[in-house]
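J.: Our numbering puts the first residue of the sequence shown at 0, with every later residue one more than the last. Glycine residues also receive a C-beta, built at the ideal position from the N, C-alpha and C atoms.
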Amino acid sequence: MFQRKTLKGRRIAVLAADGFEKVELAVPVLALRAAGADVDIISLRHGHIRGVNLHEPAGKVAVDKIVSQAHASDYDALLLPGGFINPDLLRQSSEARDFVRAFDEQRKPIATLCHGPWVLASAGLLKGRTLTSWPGVRDDLVNAGATWLDQELVRDGNLVTSRGPQDMTAFVRGMLELFQERGPIAAGVKSYLPRLTGSSPQREEPPGVVLGAMKWLPRPSVRTAVGILLLGAGLVAANKRRPTAS
Numbered sequence: 000m001f002q003r004k005t006l007k008g009r010r011i012a013v014l015a016a017d018g019f020e021k022v023e024l025a026v027p028v029l030a031l032r033a034a035g036a037d038v039d040i041i042s043l044r045h046g047h048i049r050g051v052n053l054h055e056p057a058g059k060v061a062v063d064k065i066v067s068q069a070h071a072s073d074y075d076a077l078l079l080p081g082g083f084i085n086p087d088l089l090r091q092s093s094e095a096r097d098f099v100r101a102f103d104e105q106r107k108p109i110a111t112l113c114h115g116p117w118v119l120a121s122a123g124l125l126k127g128r129t130l131t132s133w134p135g136v137r138d139d140l141v142n143a144g145a146t147w148l149d150q151e152l153v154r155d156g157n158l159v160t161s162r163g164p165q166d167m168t169a170f171v172r173g174m175l176e177l178f179q180e181r182g183p184i185a186a187g188v189k190s191y192l193p194r195l196t197g198s199s200p201q202r203e204e205p206p207g208v209v210l211g212a213m214k215w216l217p218r219p220s221v222r223t224a225v226g227i228l229l230l231g232a233g234l235v236a237a238n239k240r241r242p243t244a245s
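(1) Is it the case that the region 159-171 contacts the region 88-102, given that we only count it when at least three CB pairs across the two stretches are under 8 Å?
(2) Please list the terminal residues of the continuous beta strand (DSSP E) segment that includes residue 55.
(3) If you measure between the beta carbons of residue 48 and residue 87, is that distance less than 7 Å?
(4) 7 Å is my cut-off, CB to CB: does residue 148 come that close to chain B?
(5) Rounding to the nearest angstrom, what Cα-Cα distance links residue 140 and residue 164 in this structure?
(6) Helix, strand or coil for residue 20, going by three-state DSSP, please let me know.
(7) Hey, could you find the ends of the alpha helix (DSSP H) residue 118 is sitting in?
(8) Apart from the five residues on each side of it in sequence, which residues of its chain come closer than 7 Å, Cβ to Cβ, to residue 133?
(9) Tell me which same chain residues have a C-beta within less than 8 Å of the C-beta of residue 118, skipping the five on either side of it?
(10) Hey, is the region 48-63 in contact with the region 138-157, meaning 3+ C-beta pairs nearer than 8 Å?
(11) I'd like to confirm the pairing. Which residues does DSSP put opposite residue 188 in its beta bridges?
(12) By how many angstroms is the C-alpha of residue 107 removed from the C-alpha of residue 101?
(13) Could you tell me the distance, in whole angstroms, from the CA atom of residue 71 to the CA atom of residue 40?
(14) The beta strand (DSSP E) that contains residue 139, what's its start and end?
(15) Alpha carbon to alpha carbon, how far is residue 181 from residue 138? Give it in angstroms, no decimals.
(16) Quick one: is residue 157 buried, meaning 16 or more other Cβ sit within 10 Å of its Cβ, or exposed?
(17) Need the endpoints of the alpha helix (DSSP H) that residue 93 sits in, please.
(18) Specify, as a first and last residue, the run of the beta strand (DSSP E) that residue 12 falls within.
(19) Alpha carbon to alpha carbon, how far is residue 12 from residue 46?
(20) Given a cut-off of 7 Å on the beta-carbon distance, is the pair residue 159 and residue 177 in contact?
(21) With respect to the alpha helix (DSSP H) encompassing residue 66, which residues constitute its N-terminal and C-terminal limits?
(22) Closest by CA to residue 43, which one among 53, 66, 31 and 29?
(23) Using DSSP with H/G/I as helix, E/B as strand and the rest coil, what is residue 87?
Structure below.
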């Protein structure tokens, strides 16, 4: 899978912001480049953006373009990594929403996982679509008009989705298969397990592995605590400078 140059000559946009889940960007990008694709990291600001492992800081990646400089017409496909913070920042950017919307309007391939579908919801792209995601955002996607399936990989036309890092092998396989296709891609649902009528039910409890991981993560360092205090002070100062409505 990682040795065949099935994507040689294809240009892939990876839209991400600070707080992306590191494994959800690093592993798919490695697979894309190994398959011969040219990959651009596109974000909300210049420089380097910070990844996370759950809520702990992880490594940075360099930004190739900011979203205002990028155009869907220059790319063959779009990857949206997840994480708790990254898609929440992207969904608040009108330029990011427009960028994602343009891929769907041109029926070009889009692959996302975990919390990444939040961006699709805010872009107004989920009505009548079938997908999966991190189970914790199931209700958001259903309320946006989607059918949600609790499966490791779901394909709906030009869109392929997975639940999270636990489905990485299936996600990379589905992403590479989809990204070989050229738009416009016809509509049609392909789930990889027998599907239910309507959405899968809500989970009864959160994943034990996540609860366990959070329990054993180290306490924040003094540097982290100081950074949070400075950030809070900056937000307070910015709100004080903001003009109030008369």
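T.: Put simply:
(1) No contact exists between the region 88-102 and the region 159-171.
(2) Boundaries of the beta strand (DSSP E) around residue 55: 55-61.
(3) Taking 7 Å as the Cβ cut-off, residue 48 and residue 87 do not qualify as a contacting pair.
(4) The structure shown contains no chain B; it is built from a single protein chain.
(5) Straight across, the Cα-Cα distance linking residue 140 with residue 164 is about 19 Å.
(6) Correct three-state label for residue 20: strand.
(7) Counting along the chain, the alpha helix (DSSP H) containing residue 118 begins and ends at 116-121.
(8) Once the five neighbours on either side are set aside, the close Cβ partners of residue 133 are 81, 113, 114, 162 and 163.
(9) Annotation for residue 118: 14, 79, 86, 89, 90, 95, 96, 99 and 111 place their beta carbon closer than 8 Å to its own, counting only its chain and skipping 5 residues before and after.
(10) No, the region 48-63 is not in contact with the region 138-157.
(11) According to DSSP, which records beta bridges pairwise, residue 188 is partnered with 155.
(12) Cα-Cα distance, rounded: 9 Å.
(13) For residue 71 and residue 40, the distance between alpha carbons rounds to 13 Å.
(14) No beta strand (DSSP E) holds residue 139; the alpha helix (DSSP H) holding it covers 137-142.
(15) Residue 138 and residue 181 have their C-alpha atoms roughly 31 Å apart.
(16) By the Cβ neighbour-count rule, residue 157 is buried, with 16 or more other Cβ atoms within 10 Å of its own.
(17) Note, residue 93: alpha helix (DSSP H), 93-104.
(18) Counting along the chain, the unbroken beta strand (DSSP E) around residue 12 starts and ends at 10-14.
(19) Spanning the two alpha carbons is a distance of roughly 17 Å.
(20) In this structure, residue 159 sits near residue 177, with a CB-CB distance shorter than 7 Å.
(21) Segment: none, residue 66 is in no alpha helix (DSSP H) and carries neither H nor E.
(22) The option with the nearest alpha carbon to residue 43 is 66.
(23) It is helical.
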